[in-house]
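Note that our numbering has the sequence shown beginning at 16, numbered continuously upward.
Positions of the beta carbon are idealized from the N, C-alpha and C atoms, including for glycine.
To start, the structure itself, in structure tokens.
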Amino acid sequence: MRLDKFLGDHNIGTRKQIKEYVKNGRCLVNGQPVKKSDIHIDESNDEITFDGKILSFSKFHYYMLNKPDGVVSATTDGRNKTVLDLLKTENVRGLNPAGRLDIDTVGLLLLTDDGGLIHRLLSPKKHVDKTYEVHLEKDISDDDIKLLENGVDIGDKKDNGDPFLTLEAKVCKKGKDDNGNPVIHLTIHEGRFHQVKRMMEAIGNRVVFLKRITFGPLVLDENLSYGEYRKLTEDELRKLGVE
Ligand code: URA
């Protein structure tokens with residue numbers, strides 16, 4: 016792999032910046048300063064440092080996407096645009112969304128070819144937190160909030176036929192949006208089909224706009240407009256337990 020590609024994959028800068036940084040001696044290959052960024056390295060064996068910090072080679076790819084409305088969280092679809100169609104300049108081979116957002120839900124979606132991570136994040140036993148910004152049709156009472164926080168019946172059944180209530184959740188009131196619709200932040204620890212919409216229906220309300228703003232340790236990057244994406248940072252990867 017070329018050194019500039021390797022450094023670019025670690026979000027060190029643009030090709031032009033990287034050329035300059037390398038020229039200034041900030042990058043060492045096996046302890047030796049190099050002056051040219053277009054040299055080839057053996058990314059799985061060479062030790063590459065930048066400003067004294069060792070950069071590890073990852074065979075996987077990780078992207079944060081701000082999913083827009085009207086796009087499906089799938090890799091292929093006969094009718095609609097998929098989230099992979101948005102990653103224009105990237106090699107999308109092997110990438111998958113970590114979980115699904117409805118076609119009309121926007122916000123944070125992790126895309127990766129690291130199947131192990133997807134499995135860990137989606138495992139029902141792991142109870143990974145997800146926070147949604149939920150715009151509602153009607154006002155929400157304190158009693159409704161208590162119900163949502165304690166668990167509501169969204170129609171799912173346990174094996175013995177009893178209602179399978181939602182797990183404890185956290186609700187935070189956020190005032191009203193520009194259309195006068197009440198807004199809440201809802202944090203849940205599971206990922207059942209249409210869960211947020213069904214939870215709101217269970218308290219006699221309705222979702223008019225839904226945006227995911229956190230997923231596990233990841234927080235939606237406010238600099239990403241709808242449809243934009245970026246690689247995860249080293250810090251985000253560390254928080255996900257990816258080295
Ligand atoms: N809950 C929903 O109802 N829809 C989503 O897309 C995500 C969570």
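Does the beta-carbon of K191, which I'm using as the reference point, lie nearer than 7 Å to any heavy atom of the ligand URA? Taking the sequence shown and counting its residues from 1, one reaches residue 191 at position 176. Checking the 7 Å criterion, the Cβ of K191 is out of range of every heavy atom belonging to the ligand URA.
Could you name the residues, in chain order, whose CB is less than 5 Å away from a heavy atom belonging to the ligand URA? Cβ atoms closer than 5 Å to the ligand URA belong to L116, D117, T120, H209, Q210, V211 and K212.
For the beta strand (DSSP E) containing I160, name the first residue and the last one. Start at 1 with the first residue of the sequence shown, and residue 160 comes out as number 145. If you look at I160, you'll find it isn't in any beta strand (DSSP E); it sits in the alpha helix (DSSP H) that goes D157 to N165.
Let me know the secondary structure DSSP gives Y77 once reduced to three states. In the sequence shown, counting from the first residue as 1, residue 77 sits at position 62. Strand at Y77.
Give me the Cβ distance between E288 and E164, rounded to the nearest whole Å; I'm assuming they're in contact under 8 Å. This structure does not reach residue 288, given that the chain is present from 16 up to 258, and the question cannot be answered.
Cα-Cα, which of G109, R108, D92 and P139 is closest to I118? Locating residue 118 in the sequence shown gives position 103, counting from the first residue. Taking I118 as reference, the option from G109, R108, D92 and P139 with the minimal CA-CA separation is D92.
Nearest candidate by alpha-carbon position, reference G109, set K103, L116, T202 and L99: Looking up residue 109 in the sequence shown gives position 94. Selected option, being the one with the closest Cα: L99.
So the alpha helix (DSSP H) G190 belongs to, where does it begin and stop? Mapped onto the sequence shown, residue 190 falls at position 175. Careful: G190 lies outside any alpha helix (DSSP H), inside the beta strand (DSSP E) at K185 to K191.
State the DSSP-derived secondary structure class of G114, mapped to helix, strand or coil. Position 99 of the sequence shown, counted from the first residue, corresponds to residue 114. It is coil, neither helix nor strand.
Starting from F208 and walking both ways along the beta strand (DSSP E), at which residues does that stretch end? Numbered from its first residue, the sequence shown carries residue 208 at position 193. That residue, F208, is in no beta strand (DSSP E); it is neither H nor E in DSSP.
How many Å lie between V234 and K34 at the Cα? Locating residue 234 in the sequence shown gives position 219, where the first residue counts as 1. Locating residue 34 in the sequence shown gives position 19, where the first residue counts as 1. V234 and K34 have their C-alpha atoms spaced approximately 31 Å apart.
Opposing strand residues paired with V87 [DSSP bridges]: Counting from one through the sequence shown, the residue named residue 87 turns up at place 72. Answer is T97, bridged to V87.
State the start and end residues of the unbroken alpha helix (DSSP H) segment that holds G28. Counting from one through the sequence shown, the residue named residue 28 turns up at place 13. No alpha helix (DSSP H) holds G28; DSSP gives it neither H nor E.
Report, in whole angstroms, the separation of the C-beta atoms of T120 and R245, which I expect to be a contact under 8 Å. Working through the sequence shown from its first residue, we reach residue 120 at position 105. Working through the sequence shown from its first residue, we reach residue 245 at position 230. Contact flag wrong, Cβ pair sits at about 20 Å.
Per DSSP, what are the beta-bridge partners of E148 in this structure? Along the sequence shown, read from residue 1 onward, the residue named residue 148 stands at position 133. In the DSSP assignment, E148 is bridged to H200 and K226.
Looking at C-alpha atoms only, which residue of K68, T29 and G23 is the closest neighbour of R41? Sequence index remark: in the sequence shown, residue 41 carries index 26 (1-based). The shortest Cα separation from R41 among K68, T29 and G23 belongs to K68.
Which two residues bound the contiguous alpha helix (DSSP H) that contains I133? Translated into the one-based positions of the sequence shown, residue 133 becomes position 118. Run containing I133: G130 to L137, per the alpha helix (DSSP H) assignment.
Report yes if the C-beta distance between L123 and I199 is below 8 Å; otherwise report no. Along the sequence shown, read from residue 1 onward, the residue named residue 123 stands at position 108. Along the sequence shown, read from residue 1 onward, the residue named residue 199 stands at position 184. The answer is no: Cβ separation not under 8 Å.
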